[in-house]
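Chains as they are written, first to last, in the numbering used here: chain A, 1 to 114; chain B, 1001 to 1110.
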């Protein structure tokens, strides 16, 4: 069974540039999560979807970050104008459509904003 | 979800048994205890979970206190591959998103 796939693996930007992260969840998983993990910290939830609907995006900086999952499968997380404080690993995870199912994580995208 | 408290770091030697503690004094009756582990350059990996009874699988043994205010993840015969950050998190059964803390960094010496 294929795992959660993320691309790119690495991204290096100057402040003010835009970047998109792409996630392909495990087939059959209806719930998809995006986490931000700064260096030496635990993953912090940004947003999560059930199918194409956003369930919680309260921690997503809406002025610069956006996330979509238009067909309830793949998802894209975009940063419009990156800041140095956005330097982190961005993790995507997915889970089966039952409560309390374990999460399966991708390898993440490591973003450096110079 | 209620909060968990874990030590920042622990150290062990190959072949030993390691007890990783987690405190969750304000846990609610419908909150499950989950453990994930994370190695560098990878996302967290599920280890185990439980509600009230102790559980065991190929990766670890989870011991849950009778009052559920603490739990311990027990790793037997640790190897260098067990070196990771271990996250203890609580999750209700309403399919909400897990919230992670910093976890415990386990170092394993040869």
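Ideal Cβ placement from N, Cα and C applies to all residues, glycine included. Because the structure is a prediction, the values reported are computed rather than measured.
Completely contained beta strand (DSSP E) runs for the region 39-65 of chain A, where each covers 3 or more residues:
Taking 3 residues as the minimum length, the beta strand (DSSP E) runs contained wholly in the region 39-65 of chain A are 44-50 and 53-56, in order along the chain.
Chain-ordered residues of the region 33-49 of chain A with a beta carbon less than 8 Å from chain B
33, 35, 40, 41, 42, 43, 44, 45 and 48
Would you say residue 77 of chain A reaches chain B, if we count a Cβ-Cβ gap shorter than 8 Å as a contact?
By this cut-off, residue 77 of chain A is not an interface position.
Going along chain A, which residues have a C-beta under 8 Å from residue 1046 of chain B?
102, 103 and 104
Does the Cβ of residue 12 of chain A have 16 or more other Cβ atoms within 10 Å, making it buried, or fewer, making it exposed?
Classification for residue 12 of chain A: exposed.
CA-CA distance, residue 81 of chain A and residue 1013 of chain B?
46 Å
Let me see if you follow: with CB-CB separation under 8 Å, is residue 1061 of chain B close to chain A or not?
no
Output needed for residue 1061 of chain B: all residues of its chain with C-beta closer than 6 Å, excluding positions within five of it in sequence on either side, in chain order.
1074.
Considering only the beta carbon of each residue, do residue 92 of chain A and residue 19 of chain A sit closer than 8 Å?
no
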